[in-house]
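Visitor: Line by line, the protein sequences are chains C and S. Residue 33 in our numbering is what sits at position 33 of the first sequence, and the numbering runs on without skipping anything. For any residue, its number in our numbering is found by taking its place in the second sequence, counting from 1, and adding 196. In this text, a Cβ means the ideal position worked out from N, Cα and C, and glycines have one as well.
There are 2 protein chains.
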Amino acid sequence: MLEQFKKYIIDNTGLSENEYSELEHLVYLLEVKKGTVLLKENQICNRAFFVCKGMLRSYTIDEMGKNHIIQFASENWWIADRSSFYFDEPAELFIDVIEDAVVVYIHKDFIKAAEKLSGKFARFNTLALQKNIRQMQKRINYLLAASAEKKYLDFIETYREITCRIPLQMIASYLGITPESLSRVRKELARKNFKP
Amino acid sequence: MLEQFKKYIIDNTGLSENEYSELEHLVYLLEVKKGTVLLKENQICNRAFFVCKGMLRSYTIDEMGKNHIIQFASENWWIADRSSFYFDEPAELFIDVIEDAVVVYIHKDFIKAAEKLSGKFARFNTLALQKNIRQMQKRINYLLAASAEKKYLDFIETYREITCRIPLQMIASYLGITPESLSRVRKELARKNFKP
DNA sequence: GGAAGTACTTGACCTATGGTAAGAAATGCA
DNA sequence: TGCATTTCTTACCATAGGTCAAGTACTTCC
Chain C
1 MLEQFKKYII DNTGLSENEY SELEHLVYLL EVKKGTVLLK ENQICNRAFF VCKGMLRSYT
61 IDEMGKNHII QFASENWWIA DRSSFYFDEP AELFIDVIED AVVVYIHKDF IKAAEKLSGK
121 FARFNTLALQ KNIRQMQKRI NYLLAASAEK KYLDFIETYR EITCRIPLQM IASYLGITPE
181 SLSRVRKELA RKNFKP
Chain S
197 MLEQFKKYII DNTGLSENEY SELEHLVYLL EVKKGTVLLK ENQICNRAFF VCKGMLRSYT
257 IDEMGKNHII QFASENWWIA DRSSFYFDEP AELFIDVIED AVVVYIHKDF IKAAEKLSGK
317 FARFNTLALQ KNIRQMQKRI NYLLAASAEK KYLDFIETYR EITCRIPLQM IASYLGITPE
377 SLSRVRKELA RKNFKP
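(1) Helix, strand or coil for methionine 136 of chain C? Go by DSSP, reduced to three states.
(2) Who are aspartate 96 of chain C's beta bridge partners in DSSP?
(3) Within 8 Å (strictly less), CB to CB, does methionine 332 of chain S reach chain C?
(4) With 16 other CB atoms within 10 Å as the buried threshold, where does asparagine 132 of chain C fall?
(5) In the DSSP assignment, what residue or residues form a beta bridge with arginine 47 of chain C?
(6) For a contact meaning CB atoms closer than 9 Å, what does arginine 253 of chain S contact in chain C?
(7) Tyrosine 355 of chain S to alanine 297 of chain S, Cα distance in whole Å?
(8) Report the residues of the segment 238-267 of chain S with a CB closer than 9 Å to any CB of chain C, ordered along the chain.
(9) Looking at C-alpha atoms only, which residue of C:Ser118, C:Glu161 and C:Lys53 is the closest neighbour of asparagine 76 of chain C?
(10) Are the C-beta atoms of glycine 176 of chain C and some chain S residue less than 8 Å apart?
(11) Would you check if the distance between the CB atom of methionine 136 of chain C and the CB atom of isoleucine 336 of chain S is smaller than 8 Å?
(12) In terms of residues, what are the limits of the alpha helix (DSSP H) holding leucine 23 of chain C?
(13) Can asparagine 46 of chain C and lysine 108 of chain C be called in contact, C-beta distance under 8 Å?
(14) Does isoleucine 266 of chain S come out as helix, strand or coil in the three-state DSSP assignment?
(15) Check whether chain S comes within 8 Å of glutamine 130 of chain C, counting only Cβ atoms and requiring the distance to be less than that.
(16) Return no unless some Cβ of chain S is closer than 8 Å to the Cβ of tyrosine 152 of chain C.
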């Protein structure tokens, strides 16, 4: 699995094999069972997780005890509390495992060292931030305007490959609606003879 | 006003006076009246606006013709369609002037040139992206969970200095509620003897 | 293989927010 | 100064989505 991570880094960030080996000691492999909590609110998130296999999610818990899912991460995705990771603030997010997973995590120092080593890596990282912003902006736009149905349809289109691996209640949480509402939306779609 | 911009750049980005003068030809001053549209959906947003004075906003318009405000920008803030700016995609946002303004705009090339010139500038830019992500994450969290009242209270706290300059209907649009709802929320708060 | 938990659906009811329309207040403009 | 326009509020009804409670699958795990 470390090979998969290495391949990802070399293919995507512009680091050479040699540069990568200099950083290898900052890379850790972790095998985790469903339910494992990798980050809790108020901890400092000083590592970023890369999913080799399985699925993680990040979420908040409000005063009523309700979960609000911020992100899912499956194969070849990163997940972290970026605020905490970059600003050394207490995390606002929880991160846990929703499908048995193999993850690689890197310490903050990996990023710093990699950026020092290679301008290409810095550019890769900036690009990742920009992509993240683009995605979040789209989501904000949906949350401002769209109905439950529209949000759901957009979700299954955008996340087609992983939709079937995510429990419906978690999709509901991601969309900001209740599982009951989602169930009703899906029933209505079925009535209208909608096929994903 | 160009002086104000120069001061901002030198104080915040780590560019030296000399480095700045090398880029000065990529900086443009613009005086704009309330109502002026600076960016329309589907245009390529190849410039970023820095507000010296006055106020701008970015927003989308949905199929029903409704506005959804993404961001306000007053003195010393930036505004642009980042997706379009960085990825050369057609913009999803409109940007217009909601209070007579003096703005500086820089072409994309300014960023590229500045990053080449100074590693500090690149770091400043990355930091700006990270701050943006932090802010958006907070907003997503509010949109997922909070009531109209809570969103409003958070808004006036977060944007205390500019709240009084923004029409209520625009605040409503930013929060994803109708002006009527906001009016009701405010009435209820007044009844509870709430003072901002 | 059966108990216990988890996930999903359904129905009845409720509430916050939306829609519409109209009036009041504030602002801009001539 | 006063008319026109925009902004904000109010009142009324409509509705999407939330809440609660129960019922029916599915999993999981001893």
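Guide: The short version:
(1) Position 136 of the first sequence, counting from 1, holds the residue named residue 136 of chain C. Looking at methionine 136 of chain C - three-state DSSP - the assignment turns out to be helix.
(2) Taking the first sequence and counting its residues from 1, one reaches residue 96 of chain C at position 96. Partner(s): C:Val37 and C:Arg57.
(3) Translated into the one-based positions of the second sequence, residue 332 of chain S becomes position 136. For methionine 332 of chain S, the answer is yes, since a Cβ of chain C falls inside 8 Å of its Cβ.
(4) Taking the first sequence and counting its residues from 1, the one referred to as residue 132 of chain C is at position 132. That one is buried.
(5) As a working mapping, residue 47 of chain C is identified with position 47 in the first sequence. Arginine 47 of chain C is bridged to C:His107.
(6) Here residue 253 of chain S corresponds to residue number 57 of the second sequence, with the count starting at 1. Neighbours of arginine 253 of chain S on chain C: none; closest Cβ ~14 Å, over 9 Å.
(7) Mapped onto the second sequence, residue 355 of chain S falls at position 159. Mapped onto the second sequence, residue 297 of chain S falls at position 101. Distance between the alpha carbons of tyrosine 355 of chain S and alanine 297 of chain S is about 19 Å.
(8) Thr256, Asp258, Met260, Lys262, His264, Ile265 and Ile266
(9) Taking the first sequence and counting its residues from 1, the one referred to as residue 76 of chain C is at position 76. Considering only alpha carbons, the answer is C:Lys53.
(10) Along the first sequence, one-based indexing puts residue 176 of chain C at 176. At least one chain S Cβ lies under 8 Å of glycine 176 of chain C.
(11) Translated into the one-based positions of the first sequence, residue 136 of chain C becomes position 136. Translated into the one-based positions of the second sequence, residue 336 of chain S becomes position 140. It is a contact, given that the beta carbons lie within the stated cut-off.
(12) In the first sequence, residue 23 of chain C corresponds to position 23, counting from 1. Unbroken alpha helix (DSSP H) run through leucine 23 of chain C: 17-23.
(13) Position 46 of the first sequence, counting from 1, holds the residue named residue 46 of chain C. Position 108 of the first sequence, counting from 1, holds the residue named residue 108 of chain C. A contact, by the Cβ cut-off of 8 Å.
(14) Working through the second sequence from its first residue, we reach residue 266 of chain S at position 70. Strand at isoleucine 266 of chain S.
(15) Position 130 of the first sequence, counting from 1, holds the residue named residue 130 of chain C. Yes, glutamine 130 of chain C counts as interfacial toward chain S.
(16) Along the first sequence, read from residue 1 onward, the residue named residue 152 of chain C stands at position 152. For tyrosine 152 of chain C, the answer is no, since every Cβ of chain S falls outside 8 Å of its Cβ.
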